[in-house]
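K.L.:
Structure in structure tokens, see below.
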Amino acid sequence: PYHWTVEDEAVFDLPALIEKVRSSTAQRPFIVGHSLSAWVIEGYLAGLEYGADGRVHPNRALGRARQAGLKGVVTVSGVYNLWWPKALKNALFDPVLSREDYYRSNYELEALARTSPLYDVASPMPSLPLSWIGDVLTLPLERIPWIGPVLADAYRHFQDAVIDSPVLSMFYFASNTPAEVVRLHGVDGLEEFGPHLLEQLGNGIVQRQTTSYYHGDRPADAYVYASVRKDLRLPLLFIAGDHDRLANADVIHDDGYALSASADKQYWRAEGGHLDVISGRRSDAEVAQPLVQWFRARQ
């Protein structure tokens, strides 16, 4: 639903999914989540529930039971916090000076999150429309008589040029990403993005903390997702892309891995960006194959 938040996914969607798998297989499952899923998983493990006041509250007993019902949790490019080592506010005395610095910054999102009209415009929207991108990428130009095949070929080369440009560096590390993978993501991998989720992400960037959804000023009782990390005891694996401009690898280590209390926890860095870390040229060797071994060791 367009009004869904991270809390709704943690309270309703993920419990239903896990229960369906458990009842169908009679096994405790692993959870594997990418990006925003790490945020949702933390809400699930905290036992989040909606109270009579309409606010979300953690239930520690429920959270412990949910941990006991899982074999382990793996997150890839997980959102554990929304800040970057090369921050926009420090740009004058600690600027981006190298390629390495660039992948430890995200001035674009920081600036956007601090734009007040964004929240006034986004909140009433039914969704952030993204499906049109797939329609544009698959324009049937070849059907045009005579000139169609030439236009289609030229358009494909234009797409390749855009894919290889810095515009998409927020999602992909170019040297690890086949152009066709990016095209397929655009055609078949984009979902409509609800405005409350967009606003929640913006709040997280401004506050440098993942919290429950709010509109306007932050309420005193906003739930802080990091509070569950001290209670985590199940096997945890954190996988970060070292060229990820959305979920910074250092932040995943410092605010996710380091703050989690599990005795069985690991942190892996793979060469890749936010999406190609699981779909790029090196993802099979650096992520998928070692992950199979991690699962087998915990069956």
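One point on numbering: in our numbering, the residue at position 202 of the sequence shown is 432, and numbering is uninterrupted.
Each residue gets a CB set at the ideal place from its N, CA and C atoms; glycine is no exception.
To the nearest angstrom, report how far apart V326 and A317 are at their CA atoms.
P.N.:
9 Å
K.L.:
Return the CA-CA distance between W313 and I271, expressed in angstroms with no decimal places.
P.N.:
20 Å
K.L.:
Enumerate in chain order the residues of its own chain whose CB-to-CB distance from H483 is below 6 Å, with the five nearest sequence positions on each side excluded.
P.N.:
Take H483, set aside five residues on each side of it, and the residues of its chain with a beta-carbon closer than 6 Å to its own are Y497, in chain order.
K.L.:
Exposed or buried, A240, counting other C-beta atoms within 10 Å across all chains shown (16 or more means buried)?
P.N.:
buried
K.L.:
Please name the residue in F401, T235 and D451 whose C-alpha comes closest to that of D283.
P.N.:
D451
K.L.:
Answer yes or no: do V309 and L247 have a C-beta to C-beta separation smaller than 9 Å?
P.N.:
no
K.L.:
Starting from R252, trace the alpha helix (DSSP H) both ways and give me its first and last residue.
P.N.:
L244 to T255
K.L.:
V303 to R528, Cα distance in whole Å?
P.N.:
11 Å
K.L.:
Rounding to the nearest angstrom, what Cα-Cα distance links V517 and A500 in this structure?
P.N.:
7 Å
K.L.:
Assuming L277 contacts G293 (C-beta within less than 8 Å), just tell me the rounded distance between them.
P.N.:
The question names Leu, but residue 277 is Gly in the sequence shown. Between G293 and G277 the Cβ distance is about 4 Å, and since that is below 8 Å, they are a contact.
K.L.:
With 16 as the cutoff for other CB atoms within 10 Å, does A322 come out buried or exposed?
P.N.:
The residue asked about is misnamed: residue 322 is Leu in this sequence, not Ala. Counting Cβ neighbours within 10 Å, L322 comes out exposed, since fewer than 16 surround it.
K.L.:
K495 bridges to which residues according to DSSP?
P.N.:
Beta-bridge pairing links K495 to L466.
K.L.:
Along the beta strand (DSSP E) that carries I261, what are the first and last residues, could you check?
P.N.:
F260 to H264
K.L.:
So the candidates are R373, N406 and L428; which of them puts its Cα closest to the Cα of S513?
P.N.:
N406
K.L.:
Helix, strand or coil for E501? Go by DSSP, reduced to three states.
P.N.:
coil
K.L.:
Note down the Cα distance separating N478 from S307, rounded to an integer number of angstroms.
P.N.:
8 Å
K.L.:
As a quick exercise: from A256, W234 and A268, pick the residue whose alpha carbon is nearest that of R459.
P.N.:
A268
K.L.:
DSSP beta-bridge partners for Y280?
P.N.:
V286
K.L.:
Give the DSSP-derived three-state secondary structure of S346 in the structure shown.
P.N.:
Note: S346 maps to helix in three-state DSSP.
K.L.:
Roughly how many angstroms lie between the CA atoms of E279 and P379, to the nearest whole one?
P.N.:
56 Å
K.L.:
Among all the DSSP beta bridges, which residues are the ones paired with G302?
P.N.:
F260
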